[in-house]
Amino acid sequence: MAGRGVTVLNVAEKPSVAKSVANILSRNQGLRVRDGRSRYNRIFEFNYTIRGQPCHMLFTSVIGHLMELEFEDRYRKWHSCDPADLYHAPVRKSVPEDKKDIKRTLEEEARRCQWLVLWLDCDREGENIAFEVVDVCTAANPHLTIKRARFSALIDREIHQAVQNLVEPNKWFADAVDARQEIDLRIGASFTRFQTMLMKDAFIIDTITDDRNIILSYGPCQFPTLGFVVERYWEIQAHEPEEFWSINCSHRSDEGVANFSWGRGHLFDYTCAVIIYEMCTEEPTATVTNVRQQEKLKYPPHPLSTIELEKRASRYFRMSSEHTMKVAEELYQSGFISYPRTETDNFSSRTDLHAIVQEQQGHPQWGVYAQRLLDPEAGLWRNPRGGGHDDKAHPPIHPTKFSAGESGWSQDHRKLYELVVRHFLACVSKPAVGAETTVEIDIAGELFSACGRVILEKNYLDVYQYESWGGSIIPTYTIGQQFIPTTLTLDSGVTRPPPPLSEADLLSCMDKEGIGTDATMHDHIKKLLDRFYATKDASMRFTPTNLGEALVMGYDDMGYKLWKPYLRAVMERDMKSARLNKVKLLEAMGIFFERSNRSGGEEQNAIGEVVRRCGLCRESDMVLKKSRDGNFMVGCLGFPQCRNAVWLPGSVSEAVVTTNTCSNCTPGPVYRIQFKFRQLEIPPNYDVNHLGCIGGCDEILTQLTEICGTGPRMPARPRGPTTSTGNAHHTNPRQAVCMNCQETGHSSNDCPSQTLRSRNARQHGNVMNQQSGEASVSCNSCGTPCVLRTANTANNRGRKFYSCPSQECNFFVWEDDLNSGTGGGSFTRSNSIPTSNRGRNGRNGGRGARGRGRNASSSSNVTFVSATGDPISGRRCFVCGDPSHFANVCPNRGG
DNA sequence: GCAAGGTC
């Protein structure tokens, strides 16, 4: 550009932004496009005036990060160093091969320019990418004037304002990302190498069936994600079902049925529940005490963010988050929906929402609804309510182009596009309106209530078919009205454990704890499956595998919170400490996996303390190792490529690498080792304690090696069961018998009777109350053998009872009732009050009335059978134990 | 062979 004008290089984070901003700034006047060296990143050219300065604008883009952080070459190989060295190993940022063409475009264009304007996304990562672009461009042209454009949406006014008010890029934000990258790399690589090598050598991990290399990866996002899954799993295992009881009442009239629920909800104390129930059955007349009518609104969802899109696609279509993002990306690339990676759930006031609705008016399914929305007379429109999130870079996900379905679309493309459109139309709609009626009644002093709902206006629910709002009509009641319930039942239930985490639950957990970003959460979830850490069932719920559970348990037992993005120093300390504590990890894995024999022979434990750099290959460290036989050696980590090894005397009983270095041996440093010898195996003139060097200078070590040799310290033991089991058991006593059934001949992995519950219960001490599993009682309604359990309620703690494990059956009986020949109680939903009993509820009813009460109970479809098969009949007062009356009229009852 | 973050 000759004369007064300046040439400006503008760089956006992605090609679509470069195109949009160029279109806005050029107003489509004189806009030219040419190819760059990268096929995806074209260059737009136009003229523009910035604060009176005529500019020739070149507008191009990168594709996300331009650079990658890597270890220097000599640390790249897994056996090149101790994993702990990766906390010090030099790292460098460079442009990877597949981004070189973008770099060349930037260099070539930068040489022609005077200014560089950075249009990267306005978040931390964007700021970091901005400095990557600056590095490349200023290397080609050191005289560039560098400016940053700040914008939060691709809207005309916003973009023009941004370019007229250019600011400085923020180095602090960029530095924060650099720190994050470095921490992630060092922690991820070091722990992944550490635990992979440790476990591969020690265990047969048969979870992996194909030929792929086993990688037990560790990452500051994937591991906490696994942690959520394991934590829930443990919660389920720990759950102890507890019986509860509730009283329910229904009333049928000409207008329909009302189901009243008990004001107390439910009680865990059976005796209390029965006493109250008996009071109600004695005086069953219900009196209406309150009738309340209220208008209720059901609001449409907030504008769509990435996480909500993933959660809803999972719930509505059972699509995995990973697949959802793949389909969403394709819809975005072909222009049908807006950018799919956004945290924002709030539309900018400058967005033309009506225009988006207008586009959808012709659709065969929801076009009529869109027309109604735009009709002021219909009164359906309502400006959307935001959820309070704004990433300052992208709007909520919304349709950007009309489609009634494209020929190349799969069913999932159609479903997802439909979800985005319907969600958007719902957002700008009025909430649904309902009229709720709540009726409260009193029976013998107990409060019950029933609720009915009539939907007056469906509004957004008309288009958002994924949600429903149940309506139920109940009969009309007036205050003071009295009636006899049609049914009045004492029902039992059992507390249930929570279900395994669903994909939507998992996303919520991650979102809440800040694990990952909208663009990466689905990756972390997928990684759990790829690494065989967890499995997903047909209902999209996640359960950890043995491998996943063992890893989390191992770190849990070590007591480290390794998922926290702590400072590097703390992480490094934890890494070293974890290495020393690796026995915990090995133990946890030992519960689930068979030990391998690989570490028994020449191949030693893979990880040890570093003694020196290998003088032979000069690439890897030499570490102190101990074989299963108890012999020590110092070997090169580069094995088997490098076979450099120093074998130590067979009389060594202990060896620990110290921080003391040898001043003679080279190349240094060579760390000296504190040895302890077995007194009986060395000549009397040698000391049992010796601080030695393996670098060649240590005469004592040489002499003892010659005297004692490096082989087995004892004469070879006869091969056979004694030797092998002795070795195995000392290392891992769990190995001999299966952890699940205590049988020999197989491991817990392939235990035929393996249940998840028993495995976990043993580990965490959550042994169930089942005392024996022996069924001495069964009910004749379902025939299922009953389980003897121990009550945990306040009044009956420790008291034993039999209950039917079937969810369908309410059978229950106290053990002491069985022994004394009296029955417990069990009531079912069919236990309605006989008509003949109504009105005869006075306390003067005598035994006759009680008798009918008993009949009502025994008329239920459950009877009790003792261990001998004899039916048990009769109930007794729960206050005094007298079978002649019920507790509500017990003379011994207080009050 | 390792992480997580961009984006195609």
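Going by the working numbering, the first residue of the first sequence is number 500, and it counts up by one from there.
Backbone N, C-alpha and C define an ideal beta-carbon position, used for all residues, glycine too.
How many angstroms separate the CA atom of residue i from the CA atom of residue j?
{"i": "A517", "j": "V1051", "result": "44 angstroms"}
{"i": "G762", "j": "F947", "result": "5 angstroms"}
{"i": "C554", "j": "V616", "result": "12 angstroms"}
{"i": "A1355", "j": "I735", "result": "Residue confidence for A1355 is low, a pLDDT of 25 falling below 50, so the modelled location carries little weight; the figure read from the coordinates is stated next. The alpha-carbon atoms of A1355 and I735 are separated by roughly 37 angstroms."}
{"i": "F759", "j": "E657", "result": "57 angstroms"}
{"i": "L585", "j": "R692", "result": "10 angstroms"}
{"i": "R1171", "j": "T1165", "result": "13 angstroms"}
{"i": "D1017", "j": "Q680", "result": "17 angstroms"}
{"i": "D683", "j": "G904", "result": "42 angstroms"}
{"i": "T770", "j": "T786", "result": "25 angstroms"}
{"i": "N845", "j": "H801", "result": "7 angstroms"}
{"i": "I774", "j": "G764", "result": "16 angstroms"}
Could you pull the DSSP bridge partners for residue i from this structure?
{"i": "L955", "result": "Answer is none; L955 lacks a bridge partner."}
{"i": "H555", "result": "T506, N546"}
{"i": "R1111", "result": "M1121"}
{"i": "L468", "result": "There is no way to answer for residue 468, as the model of the chain reaches only from 500 to 1394."}
{"i": "V561", "result": "Partner(s): none; V561 has no beta bridge."}
{"i": "S760", "result": "N747, S948"}
{"i": "S1001", "result": "R1040"}
{"i": "A1144", "result": "G1134"}
{"i": "K646", "result": "V616"}
{"i": "K795", "result": "G933"}
{"i": "F1174", "result": "A1154, H1189"}
{"i": "A511", "result": "S560, W618"}
{"i": "I940", "result": "V787, F947"}
{"i": "F727", "result": "In the DSSP output, where bridge partners are listed per residue, F727 has none listed."}
{"i": "R685", "result": "For R685, which the question treats as bridged, DSSP gives no partner whatsoever."}
With DSSP collapsed to three states, give me the class of residue i.
{"i": "M778", "result": "helix"}
{"i": "G1191", "result": "strand"}
{"i": "I1405", "result": "Absent from the structure is residue 1405, since the part of the chain shown begins at 500 and ends at 1394."}
{"i": "F1031", "result": "coil"}
{"i": "C636", "result": "helix"}
{"i": "L879", "result": "coil"}
{"i": "I806", "result": "helix"}
{"i": "W968", "result": "coil"}
{"i": "L615", "result": "strand"}
{"i": "K1025", "result": "helix"}
{"i": "I973", "result": "coil"}
{"i": "S820", "result": "helix"}
{"i": "S813", "result": "helix"}
{"i": "P898", "result": "strand"}
{"i": "F835", "result": "coil"}
{"i": "K518", "result": "helix"}
{"i": "V993", "result": "strand"}
{"i": "Q859", "result": "coil"}
{"i": "E754", "result": "coil"}
{"i": "T1201", "result": "helix"}
{"i": "S928", "result": "strand"}
For residue i and residue j, which I take to be in contact (beta-carbon distance under 8 angstroms), what is that distance rounded to the nearest angstrom?
{"i": "T788", "j": "I940", "result": "6 angstroms"}
{"i": "T506", "j": "C580", "result": "With a Cβ gap of about 48 angstroms, T506 and C580 do not count as contacting."}
{"i": "H750", "j": "T988", "result": "Not confirmed; about 13 angstroms, so no contact."}
{"i": "L803", "j": "I654", "result": "About 18 angstroms; that fails the 8 angstroms criterion."}
{"i": "E754", "j": "T977", "result": "Between T977 and E754 the Cβ distance is about 13 angstroms, and since that is not below 8 angstroms, they are no contact."}
{"i": "P799", "j": "P898", "result": "So it is not a contact: roughly 16 angstroms between Cβ atoms."}
{"i": "A583", "j": "N627", "result": "About 27 angstroms; that fails the 8 angstroms criterion."}
{"i": "L1027", "j": "I806", "result": "17 angstroms between Cβ atoms; not a contact."}
{"i": "N522", "j": "L530", "result": "7 angstroms"}
Looking only at its own chain, which residues have a Cβ that is under 7 angstroms from the Cβ of residue i, when we skip the five neighbours before and after it?
{"i": "E631", "result": "H564, L565, M566"}
{"i": "L872", "result": "V856, L879, W880, L924, V927, S928"}
{"i": "W618", "result": "N509, V510, A511, V516, V520, A648"}
Excluding the 5 residues flanking residue i on each side, which residues of the same chain have their C-beta closer than 6 angstroms to its C-beta?
{"i": "E858", "result": "F901"}
{"i": "G951", "result": "T936, S971, I972, I973"}
{"i": "E608", "result": "L508, L557"}
Under 8 angstroms Cβ to Cβ from residue i, same chain only, skipping five residues before and after it: list those, please.
{"i": "E829", "result": "H912"}
{"i": "R550", "result": "Q663"}
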